[in-house]
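**Q**
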Amino acid sequence: MTDPINDHTTDSDHNSHQALDPKTLPNFDDMPNVALMDTSHVDKDQPPFILVDGSYYLFRTYHALPKTMQNSQGLITNAIRGTLNALLKLMRRYHPTHMAVCFDTKSPTFRHHMSSDYKAARPPIDVELVEQIPYIHRLVSALGIPLLRIEGAEADDIIGTLAYRAVEQGHHVVISTGDKDMMQLVNDGVILEDSFTGKITDTQAVIDKFGINPNQMIDFLTLMGDSSDGIKGVPGIGKKTAKDLLVEYGDIDNMLKHIGFIKGRGAKGLIEHADDIPFNRKLATIITNLEIGQDWNDLKINTDPCAHIEELRTLYTELEFRNELASLDHPNHPANGLQSVADSQANTESHAQVAKSLQSTNTDNMTGSNHQDKAWHTVLDEPAFDSLIEALEAAPHFVIDTETTSVHWREAQIVGLSFAVQAHEAYYIPLTHRLEGDELTAKQLDRDTVLARLKPILENPNIGKIGQHLKYDAHILAHYDIDLVGAIHEQPNNWAMDTMLASYVINAAATRHGMDDLARHYLQTQTISFEEVAGKGAKQVTFDQVAIDIASDYACEDADITYQLFDVFSVELANDANNAKLLHELEIPTAEILCQMEANGILIKRSFLNELSKRFDEEIVALEKRAYEVAGEEFNLGSPKQLGEMLFEKLGVPGGKKTKSGQYSTGEAVLSKIDHPLVDITLEYRGLSKLKSTYTDALDNVADAETDRVHTSYHQALTSTGRLSSTDPNLQNIPIRTATGRLIRQAFIAPEGRVILAADYSQIELRLMAHFSGDKNLTHAFNEGLDIHAATAAEVLGKDVADVTPTERRNAKAINFGLLYGMSAFGLAKQLQMSRGEAQDYIDMYFERYPGVKNYMINTRASAYEQGYVETILGRKLYTPDINHSNRMVKQGAERAAINAPLQGSAADLIKLAMIAVDNVLPKDQAKMLLQVHDELVFEVDADKVDAVSQLITDAMQDVLRTTAVDKGWHVDFAVPLLVETDSGQNWDEAH
DNA sequence: GCATCATCTTA
DNA sequence: GTAAGATGATGCG
């Protein structure tokens, strides 16, 4: 076999200056399609031939890495460093023998001659980048890597041509790039690797990302267009349509043959622009038959470490790349040098995302909206607003989304609104953008005028509102005196939907339920991330600082995606009536109530908290002092690591237990078994510093400065079981177990003339266990109103309830809780500090007396295996994806979760029903619902009305399965009574 | 500056 | 043994 890549040898110097005449078009008719090549002869045992898209790394790393990378001369070196790291990473990974780094040149190419638009939208290259380029060229040469720049040819085309020749000659190829256009070159012998992000793209990855084969990429780009390259695409066809058409018809030629069968705007665009297609196709095609000469020997890497070492030393010295310089002194251990480079690559990767946004923002800014095909509109004048209003009034339902200055609803200011009345069409009304130099800023419609005209529509219950996480939007609109109705208020006659809650109800475990996650999971679409438009970390700006054309794309996409999700979920829910009921009758009404509760907030007594804080602090300081005395030196008592070393090494206390990651375990369970003065001090110190940092100080910080109220946020689509969670601050883990901890609770108060009232379901999960298991002994105990733990002890030990000792009751309580958690003998033994055998005996005795409970455990496990899910009392399906996991530990964990899920999840269903039931009867002028803590509701009630209100609440909660549940179509014949206990007082502690 | 670990709080 | 969230310390870069 002859040399593979020498068809047109003209010059054997690999840094040669070949040139192509840009006026000569490539031969498109005869052009080989790399994606369709036969690769059966390719020898994958050899190192791959590496083709590096040097221009990509130049731009990518320049924009992504911090400009603070400079040498002492002020030369910015970020692109040099980034490109160098990419090259070294490739060499370390593949140990290639042949390689080429390709760069574009400044000369025009045939594409510029074909189209004046081609890359015309690109701004001039920054001077800070230009001055780095010579260094990069020199570095590549000094590393002994062939460098290719050919006048009149783009790096893409050189790579395409060499990739074709290499595969033809039996080499497999790694193209090092992040440019998606290159996907048209992927086949079973050619992969793409982005050494900056680490992403590898093979045939399957192309299919996963775009739903088409690599050989369809050219047609895909032709249809969709590429704004950054100035390829127009077909109007009316975007990513989704292009994919659908290609999946159905294979290629554009076949589409045009069957144009009569194609529907919608896509067909119109194809017919009207059929003539442009061959032209755009040529622009989108990477040339694979360039008339260039390249000898295989010229693409050999010079691996002799001494060949260019002086040049490298000079470069590294001038650039002040110290690690790289040091690596040169170990020529026999190139891995050392490469290793240190690999480390710094990891570093750059951590910075990679930082400026990703800047780069894409700039690109978007340059090219304007590239989504004409999607019919996304920015509403900037009265006529456009008028027609939008008309469309919204006429629609049975529409998507609304608010854009604001913050993810925290309490501080968010409205910036704009987006709407969608059908999929693929969306409108953005910018209101308060204020980016300096953005010419659209002055054209925005007036915020208050717009809101005033929208108010009647948004408050119209006959027009359904669709949204993603509507509770947030409802909060925002409430700020502007708009009560969002027809969406989170229950409106059975419209299509109101919250897509986040729909996804959660359908399958809580399938995905997280943020919009980006839903788009990925249900629409196979990657959305524009917020970070892409607003930046990340310290550089992030608020949405009002985003240019309006970029903001509009982002906001329109949100509304559009939400509408598409609505379509998907509408079908899903039509096929599962119970899921539809859970969404519309349980979750959406709950969201509405949560919205009010969050807005209400709970009053705290700041002076009391501050006093506590001071007191805790004094005690903490005293404890620290005593600890240092005992230890003989000062150390950080709050550091488990330092404490472990002090206790078990320096003080030689026995009982040091190792934990994974190697340090001593100093958890409460370990320490409490040790008799040592330092242990007592530590435990007290920890308790106090926990209370101070997590509660007294934190609550004071988050309380509203004017009203002294604390407003938590409830997350309704987060847990695997249906429970809520609470953040910023978490008001579901306020201390109660210790006397000192309860002091925190005393800071939650009612205002003058009112009291705090707490109502909680007694033993709700055990009652659910009684219901689900139907166990005679357990149901009997609840029906007789016995002390359930004492009754359990009596039953298991075969004695009278009156004779049960406190220890016996405590053990029974542990086993009862253990049941709810999918108990093992191991776990129970640890809890009760007994041997595993004793614990097992106890469990065996329990199951003998409560055979129904044993059956529940067996049946629930079986159901999880057979169906892949378990169900709550209202029929909520809780999926158990790990139930067949290959790892035994994971699998057993999934079994325990499956046993617990119906109990915890049903309790969550019931408290949500209870919230709805109570909300229906609560006299709003006398009482407000403030908090939900899983089985407890907390209210603020007029002091003189507390008895009556308490009775209303108790009745509503106890009767919920006979009243509200039945009204909504859930008929549950509950096996035991639901018992609610209430109490009230000046603060939350007294009310409990 | 950001992620992870260990710890502690709740139902 | 279930389900959560917040914190300070620590390590990474």
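Counting from 755, one number per residue, gives the positions in the first sequence under our numbering.
C-beta: ideal position from N, C-alpha, C; glycine also.
Could you check what DSSP says for D973 in three-state terms: helix, strand or coil?
**A** Counting from one through the first sequence, the residue named residue 973 turns up at place 219. If DSSP states are grouped into helix, strand and coil, D973 belongs with the helices.
**Q** Would you kindly report the start and end of the unbroken alpha helix (DSSP H) that includes Y1003?
**A** Taking the first sequence and counting its residues from 1, the one referred to as residue 1003 is at position 249. Taken as a continuous stretch (DSSP letters only), the alpha helix (DSSP H) holding Y1003 covers 993-1003.
**Q** When the Cα atoms are used, what is the spatial distance from L1199 to M978?
**A** Locating residue 1199 in the first sequence gives position 445, where the first residue counts as 1. Locating residue 978 in the first sequence gives position 224, where the first residue counts as 1. Each residue's alpha carbon lies about 32 Å from the other.
**Q** Please specify which runs of the alpha helix (DSSP H), each continuous and at least 4 residues long, are wholly inside the segment 1003-1074, giving them in chain order.
**A** The segment 1003-1074 contains these whole alpha helix (DSSP H) runs: 1006-1011, 1018-1026, 1031-1038, 1063-1073.
**Q** Determine the contact status of T1156 and D1227, defining contact as a CB-CB distance below 7 Å.
**A** On the first sequence, residue 1156 is found 402 positions in, with the first residue counted as 1. On the first sequence, residue 1227 is found 473 positions in, with the first residue counted as 1. Taking 7 Å as the Cβ cut-off, T1156 and D1227 qualify as a contacting pair.
**Q** Among T1559, A1618, V1550, which one has its Cα closest to the Cα of Y1600?
**A** One-based indexing of the first sequence puts residue 1600 at position 846. It is V1550.
**Q** For I1342 and A1288, what's the separation of their Cα atoms in angstroms?
**A** Walking along the first sequence from the start, residue 1342 turns up at place 588. Walking along the first sequence from the start, residue 1288 turns up at place 534. Taking the straight line joining both Cα atoms gives about 31 Å.
**Q** Quick one, are the C-beta atoms of I1374 and Y1449 less than 7 Å apart?
**A** Reading the first sequence from its first residue, position 620 is the one you call residue 1374. Reading the first sequence from its first residue, position 695 is the one you call residue 1449. No, Cβ-Cβ distance for I1374 and Y1449 is not below 7 Å.
**Q** Assuming E905 contacts T837 under a Cβ cut-off of 8 Å, what Cβ separation, rounded to an integer in Å, is found between them?
**A** The count along the first sequence starts at 1 and reaches residue 905 at position 151. The count along the first sequence starts at 1 and reaches residue 837 at position 83. Contact doesn't hold; Cβ gap of about 21 Å is too wide.
**Q** Taking its Cβ as the centre, do 16 or more other Cβ atoms sit within 10 Å of K1412, making it buried, or is it exposed?
**A** Taking the first residue of the first sequence as position 1, residue 1412 is located at position 658. Result: exposed.
**Q** Cα-Cα, which of R1369, Q1396, K1368 is closest to A1381?
**A** The residue labelled residue 1381 in the question sits at position 627 within the first sequence. It is Q1396.
**Q** Pairs of beta-carbons, one from the segment 1686-1699 and one from the segment 1536-1554, closer than 8 Å: are there three or more?
**A** Taking 8 Å as the limit for Cβ pairs, the verdict is that the segment 1536-1554 does not touch the segment 1686-1699.
**Q** Nearest-angstrom Cα distance between F1402 and L1432?
**A** Against the first sequence, residue 1402 aligns to sequence position 648. Against the first sequence, residue 1432 aligns to sequence position 678. In a straight line, the C-alpha of F1402 is about 11 Å away from that of L1432.
**Q** Thinking C-alpha only, which one of H867, M937, P862, V1607 is nearest D807?
**A** Here residue 807 refers to the residue found at position 53 of the first sequence. That would be M937, whose Cα lies nearest to the Cα of D807.
**Q** Under three-state DSSP, which class holds A1651?
**A** Your numbering for residue 1651 matches position 897 in the first sequence. Here A1651 sits in helix by DSSP.
**Q** Assuming the contact rule is C-beta atoms closer than 8 Å, G912 and I1046 should be a hit. Round their C-beta distance to whole Å, please.
**A** Locating residue 912 in the first sequence gives position 158, counting from the first residue. Locating residue 1046 in the first sequence gives position 292, counting from the first residue. The residue asked about is misnamed: residue 912 is Ile in this sequence, not Gly. Rounded, the Cβ-Cβ distance is 7 Å, consistent with contact.
**Q** Please name the residue, chosen from L1442, K1011, L1405, L1327, that lies closest to E1372 on a Cα-to-Cα basis.
**A** On the first sequence, residue 1372 is found 618 positions in, with the first residue counted as 1. It is L1442 whose Cα lies nearest to the Cα of E1372.
**Q** Going by Cα to Cα distance, which pick from Y1633, N1609, L1628 is closest to E1620?
**A** Your numbering for residue 1620 matches position 866 in the first sequence. The residue with the shortest Cα to Cα distance from E1620 is Y1633.
**Q** Is DSSP giving L901 helix, strand or coil here?
**A** As a working note, residue 901 is residue 147 in the first sequence. Strand at L901.
**Q** Rounded to a whole number of angstroms, what is the C-alpha to C-alpha distance between N1537 and R1521?
**A** Translated into positions along the first sequence, residue 1537 becomes position 783. Translated into positions along the first sequence, residue 1521 becomes position 767. Distance between the alpha carbons of N1537 and R1521: 10 Å.
**Q** What did DSSP end up calling L1715 once you bin it into helix, strand or coil?
**A** Position 961 of the first sequence, counted from the first residue, corresponds to residue 1715. DSSP places L1715 in coil when its eight states are reduced to three.
**Q** What number of angstroms, rounded off, separates the C-alpha of E1064 from the C-alpha of P850?
**A** On the first sequence, position 310 is the one that residue 1064 refers to. On the first sequence, position 96 is the one that residue 850 refers to. E1064 and P850: Cα-Cα distance of roughly 23 Å.
**Q** Can you give me the C-alpha to C-alpha distance between H732 and A1353, rounded to a whole angstrom?
**A** Outside the shown range of the chain (755 to 1746) lies residue 732, about which nothing can therefore be said.
**Q** Would you list the one or two residues that DSSP bridges to G1218?
**A** Mapped onto the first sequence, residue 1218 falls at position 464. G1218 is bridged to H1151.
**Q** Report yes if the CB atom of S1660 is closer than 7 Å to the CB atom of I1627, and no otherwise.
**A** Counted from its first residue, the first sequence places residue 1660 at position 906. Counted from its first residue, the first sequence places residue 1627 at position 873. Closer than 7 Å, so yes.
**Q** Please name the residue, chosen from K1645, N1638, Y1604, I1653, that lies closest to E1625 on a Cα-to-Cα basis.
**A** By 1-based counting over the first sequence, the position of residue 1625 is 871. It is I1653 whose Cα lies nearest to the Cα of E1625.
**Q** Which runs of the beta strand (DSSP E) at least 3 residues long sit entirely within the segment 797-878? Give them in chain order.
**A** Listed in chain order, the complete beta strand (DSSP E) runs (minimum 3 residues) inside the segment 797-878 are 803-807, 853-857.
**Q** Among G1552, G1622, Q1500, whose alpha-carbon lies nearest the alpha-carbon of S1759?
**A** Examination of residue 1759 is not possible in this model, given that the chain is present from 755 through 1746 alone.
**Q** Between the Cα of N1214 and those of P1150, N1638, R1274, spot the shortest distance and give me the residue it belongs to.
**A** Residue 1214 sits at position 460 when you count from the first residue of the first sequence. Selected option, being the one with the closest Cα: P1150.
**Q** What does the alpha-carbon distance come out to for the pair T1492 and E1438?
**A** In the first sequence, the residue the question calls residue 1492 occupies position 738. In the first sequence, the residue the question calls residue 1438 occupies position 684. If I take the Cα positions, the gap works out to 12 Å.
**Q** Is it buried or exposed for A1196, if we count other Cβ within 10 angstroms and need 16 for buried?
**A** Within the first sequence, numbered from 1, the residue matching residue 1196 stands at position 442. Result: exposed.
**Q** I'd like the list of long-range same chain contacts for A854, defined as Cβ closer than 6 Å, with 5 residues on each side in sequence excluded.
**A** Reading the first sequence from its first residue, position 100 is the one you call residue 854. Counting only Cβ-Cβ distances below 6 Å, and skipping sequence neighbours, we find L805, P900, L902, L1053.
**Q** Based on Cα-Cα distance, which residue from R1266, G1410, S1160 lies nearest to Q1299?
**A** For the purposes of this step, residue 1299 is taken as residue 545 along the first sequence, with counting starting at 1. Closest option to Q1299, Cα to Cα, is S1160.
**Q** May I have the straight-line CA-CA distance separating D742 from R835, to the nearest angstrom?
**A** This structure leaves residue 742 out entirely; the chain is present only between 755 and 1746.
**Q** Could you please give me the residues that DSSP links to Y1182 through a beta bridge?
**A** In the first sequence, residue 1182 corresponds to position 428, counting from 1. According to DSSP, Y1182 bridges with T1132, S1172.
**Q** Less than 7 Å between the beta carbons of I1347 and A1457, yes or no?
**A** Locating residue 1347 in the first sequence gives position 593, where the first residue counts as 1. Locating residue 1457 in the first sequence gives position 703, where the first residue counts as 1. Their beta carbons are not under 7 Å apart, which means I1347 does not touch A1457 by this criterion.
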